[in-house]
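So the protein sequences, as listed, match chains A and B. Under this note's numbering, think of the first position of the first sequence as 4, with each following residue one higher. Under this note's numbering, think of the first position of the second sequence as 4, with each following residue one higher. Don't be surprised by glycine CBs; every beta carbon is placed ideally from N, CA and C. It should be emphasised that the depicted structure is a prediction, and the values quoted were computed from it without experimental measurement.
Number of protein chains: 2
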Amino acid sequence: MADDRTYWPDELFADLDRTGPVPLYFQVSSRLDAAIRGGTIPPGARLDNEISIAARLGLSRPTVRRAIQELVDKGLLVRRRGIGTQVVQGQVTRPVELSSLYEDLENTGHSPGTVVLEHAVIAADDALAERLGVDVGADVVRIRRQRSTDGVPVAVLENILPGEFADITAEQLETAGLYQVLRGRGVAIRIAKQKIGARRAHGDEAELLGIERGHPVLTVERIAFDNAGRVVEVGHHCYRPDMYSFETTLVAK
Amino acid sequence: MADDRTYWPDELFADLDRTGPVPLYFQVSSRLDAAIRGGTIPPGARLDNEISIAARLGLSRPTVRRAIQELVDKGLLVRRRGIGTQVVQGQVTRPVELSSLYEDLENTGHSPGTVVLEHAVIAADDALAERLGVDVGADVVRIRRQRSTDGVPVAVLENILPGEFADITAEQLETAGLYQVLRGRGVAIRIAKQKIGARRAHGDEAELLGIERGHPVLTVERIAFDNAGRVVEVGHHCYRPDMYSFETTLVAK
DNA sequence: CTTGTGATATTGTCAGGACATAGTCACGGG
DNA sequence: CCCGTGACTATGTCCTGACAATATCACAAG
Chain A
4 MADDRTYWPD ELFADLDRTG PVPLYFQVSS RLDAAIRGGT IPPGARLDNE ISIAARLGLS
64 RPTVRRAIQE LVDKGLLVRR RGIGTQVVQG QVTRPVELSS LYEDLENTGH SPGTVVLEHA
124 VIAADDALAE RLGVDVGADV VRIRRQRSTD GVPVAVLENI LPGEFADITA EQLETAGLYQ
184 VLRGRGVAIR IAKQKIGARR AHGDEAELLG IERGHPVLTV ERIAFDNAGR VVEVGHHCYR
244 PDMYSFETTL VAK
Chain B
4 MADDRTYWPD ELFADLDRTG PVPLYFQVSS RLDAAIRGGT IPPGARLDNE ISIAARLGLS
64 RPTVRRAIQE LVDKGLLVRR RGIGTQVVQG QVTRPVELSS LYEDLENTGH SPGTVVLEHA
124 VIAADDALAE RLGVDVGADV VRIRRQRSTD GVPVAVLENI LPGEFADITA EQLETAGLYQ
184 VLRGRGVAIR IAKQKIGARR AHGDEAELLG IERGHPVLTV ERIAFDNAGR VVEVGHHCYR
244 PDMYSFETTL VAK
C-alpha cells in the first residue's frame with residue numbers, strides 16, 4: 004500500500020477543554036470523526052499508537068482508548084493487536100440512528116414537509132394496550148402524518164402515544180419531528196426496538212405516497228422506551244421504497 | 004413498581020476463570036445476559052451498584068463496568084446516573100447481527116436448506132470492479148443461491164467474491180452459510196455495510212420465492228470487509244417479506 | 001403546604017501503571 | 001531456499017484510586 008505512514012494531526016487536538024461539561028474522550032472522538040469523514044485522514048491510514056497519542060495530547064491511555072473505541076463501534080476505525088489502528092477502507096455511510104425521519108432529512112440538506120392526516124384520542128384495544136403498557140380502554144393518542152421531502156411524498160407515519168401526550172398540537176408536528184417535540188417536553192427516548200419489513204401498499208397509502216396500489220412499501224414497526232423503561236411511542240410506518248432505505252454498519256465483536 | 008429490590012445472583016458468578024483466555028468482563032456479561040434473557044433477573048429489576056458488585060466478585064470496578072456496558076449497548080440494561088442500573092422493560096428481541104441468514108435460521112431452531120443456482124467465474128465490469136476493489140475485467144466469483152427454511156423458500160442470495168475464492172464448492176455452500184465457509188478459510192469479516200430496501204420481484208425471483216411477479220421483496224445490498232479493509236464479498240439479496248424481516252435495537256448515546 | 005437545601009447514593013469521567021497476547025520482521029540454522 | 005526463533009511493537013485486559021455530576025429523599029424554612 005502506498006499510504007503506510009501514521010497520521011495524527013496534532014493541531015486538531017490543540018485546544019481541548021478540560022473545564023467544560025464535554026468529556027475529553029468525546030472531544031477527541033468527535034474531532035477524529037470529522038477528520039476522517041472530511042478526508043483529512045484518508046482511508047487506510049494508520050493512526051499513531053495509543054501510548055504516544057496519549058502522551059502528546061496530555062491524556063491518559065484509557066481516555067484515548069475510549070475515544071478510539073467510539074469510532075471503532077461506528078465502523079470508522081479498525082484495530083488489530085500488534086499492528087495498530089487503521090481507518091477503514093471504503094466510503095463512509097450514514098448509519099441508522101435513533102433519530103426521526105424529520106431529522107434525517109434535515110441533516111441531509113432536504114426540506115421536510117409534514118401533513119397531519121389524523122390526530123385523535125382513542126381508546127386502546129387489547130393489542131395496543133399490551134404494546135403501550137396501558138390499561139385496555141385507556142385514552143391513547145393516534146397521530147397519522149404524511150411526510151414529504153422537496154415536495155415528493157416519502158412516508159406515511161402512524162404513531163400511538165400514551166394519553167398524557169394528548170395536548171401535542173398539529174402545528175407542533177408540522178414544524179418538527181415527533182422526537183423533537185417529545186424532547187421539548189422533557190421526554191428522552193433511550194431505547195427503541197424496530198422491525199423492518201416490506202408489504203404491498205393498501206388502504207389509502209398508495210395515494211398518499213404517490214405510487215400504485217399493491218406496489219411495495221418498506222415498513223417499520225417501532226416501540227420506543229424512555230429512561231424509566233416506559234413505552235413512549237409505538238410507530239407503524241411505511242416508506243416509498245424508491246425514496247428511502249435504511250443503511251446500517253455492522254461491526255463484528 | 005412492585006419490583007424494587009436489587010437483584011444480583013452471586014451464585015451465577017462463583018466460578019470465574021482467571022487463568023483461561025476468556026476475559027473476565029466477558030464471562031460476567033455473558034452470564035448476566037443469559038440470566039436476563041432466561042428471566043432469572045426480571046424486567047425492571049434494579050442491579051446492585053457497581054462498587055458492591057465489584058467487591059463481591061473480587062473484580063475491579065472498571066471490569067464490572069465494562070461487563071455492564073456490553074449489555075447496555077445491546078439494549079438489555081439501562082443506566083441512570085444517581086439512580087442505578089435496571090433491566091429494560093419489554094420483551095427482548097434478537098438484533099441484526101453480523102451473521103449470515105444460515106446461522107440466523109439455525110439459531111432459531113429451523114432447518115435451513117440451500118440450492119445453488121449459479122456458481123461461475125466471470126469478468127468484473129466497471130461497477131463491480133469499483134465495489135469489489137479489483138481491476139476491471141479481473142476474475143470474480145458469482146454465486147446465486149436459493150435459501151429455504153422448513154421447505155419454504157425465504158430468500159434469493161446473490162454474492163460476488165474476489166477470484167481467489169473460486170475454489171469454493173457448491174457442496175460447501177449447501178451445507179453451511181457463506182460466512183462459515185469463509186471463516187473456515189481463515190477469512191474473518193470485520194465490518195459490513197448494508198442498505199435495506201424494498202422493490203417488486205422481477206426476473207425469476209418471484210418463482211424462486213414462491214410469490215407472484217411484481218409483489219414486494221425485501222432487499223439487502225451488503226459489502227463486507229475483512230480485517231485489512233479489503234472487500235471480501237458484495238451481496239445482493241432479496242427476501243420474501245412474509246417470511247423474513249430485520250429486527251434492530253437502537254440505543255441512544 | 002410549598003419550596004429550597006443539604007446529605008446520600010450511584011453512575012460518569014479520568015489518571016497511571018502493570019502484565020498478557022498477538023502480530024511483524026529480521027536473522028540465523030538447516 | 002525454507003523455516004523456526006526471538007526481539008519488537010501495539011493492542012487487550014485488569015487493577016487501584018480519585019473526583020465530578022446527577023437524581024432522590026428527608027427535613028427545615030417560609
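- Residue environment analysis places G61 (chain A) among the exposed positions, since fewer than 16 neighbouring C-beta atoms fall within 10 angstroms of its C-beta.
- Put simply, the backbone Cα of V234 (chain A) is about 26 Å away from that of E208 (chain A).
- For P65 (chain B), the enclosing alpha helix (DSSP H) covers residues 64 to 77.
- The shortest C-alpha to C-alpha distance from N162 (chain A) to any of A:L211, A:G238, A:A37, A:F228 is the one to A:G238.
- Annotation for S248 (chain A): no alpha helix (DSSP H) segment contains it, and DSSP assigns it neither H nor E.
- Taking C-beta atoms as the reference points, V75 (chain A) and E53 (chain A) fail to come closer than 7 Å.
- With its beta carbon less than 7 Å from one in chain A, G78 (chain B) belongs to the interface.
- For V234 (chain A), the pairing in a beta bridge is given by DSSP as A:F228.
- Beta-bridge partners of R202 (chain A) (DSSP): A:V220.
- At the C-beta level, R243 (chain B) and V157 (chain B) come within 7 Å of one another.
- With fewer than 16 other Cβ atoms inside 10 Å of its own Cβ, H205 (chain A) counts as exposed.
- When DSSP states are grouped into helix, strand and coil, G116 (chain B) belongs to the strand group.
- Against chain B, a Cβ distance below 7 Å from G206 (chain A) picks out nothing, because the smallest value is about 15 Å.
- Counting along the chain, no alpha helix (DSSP H) covers G166 (chain B), and no H or E run does either.
- Burial check for F168 (chain A): the Cβ neighbour count within 10 Å reaches 16 or more, so the residue is buried.
- Inclusion of H122 (chain B) and A173 (chain B) in the CB contact set at 7 Å is warranted, their separation being smaller than that value.
- Between S248 (chain A) and K77 (chain B), the CB-CB gap reaches or exceeds 7 Å.
- With 16 or more other CB atoms across the displayed protein chains lying within 10 angstroms of its CB, T222 (chain A) is buried.
- DSSP places A191 (chain A) in the coil class of the three-state scheme, outside both helix and strand.
- Scanning its chain for C-beta atoms nearer than 7 Å, with the 5 sequence neighbours on each side dropped, one finds around N230 (chain B) the residues A191, R193, in chain order.
- Within the same chain, Cβ atoms closer than 6 Å to the Cβ of G140 (chain B) are found at A126, the five residues on either side in sequence being excluded.
- Annotation: the continuous alpha helix (DSSP H) that includes I39 (chain B) extends over 27 to 40.
- Going by C-alpha positions, R150 (chain B) is about 18 Å away from L185 (chain B).
- Using a Cβ-Cβ cut-off of 7 Å, S248 (chain A) is close to K198, I199, G200 of chain B, given in chain order.
- In the three-state reduction of the DSSP assignment, I146 (chain A) falls in the strand class, which pools E and B.
- Straight-line spacing of the CA atoms in I44 (chain B) and E177 (chain A) works out to 42 Å.
- Taken in chain order, the members of the stretch 34 to 53 of chain A whose beta-carbon sits within less than 7 Å of a beta-carbon on chain B are G47.
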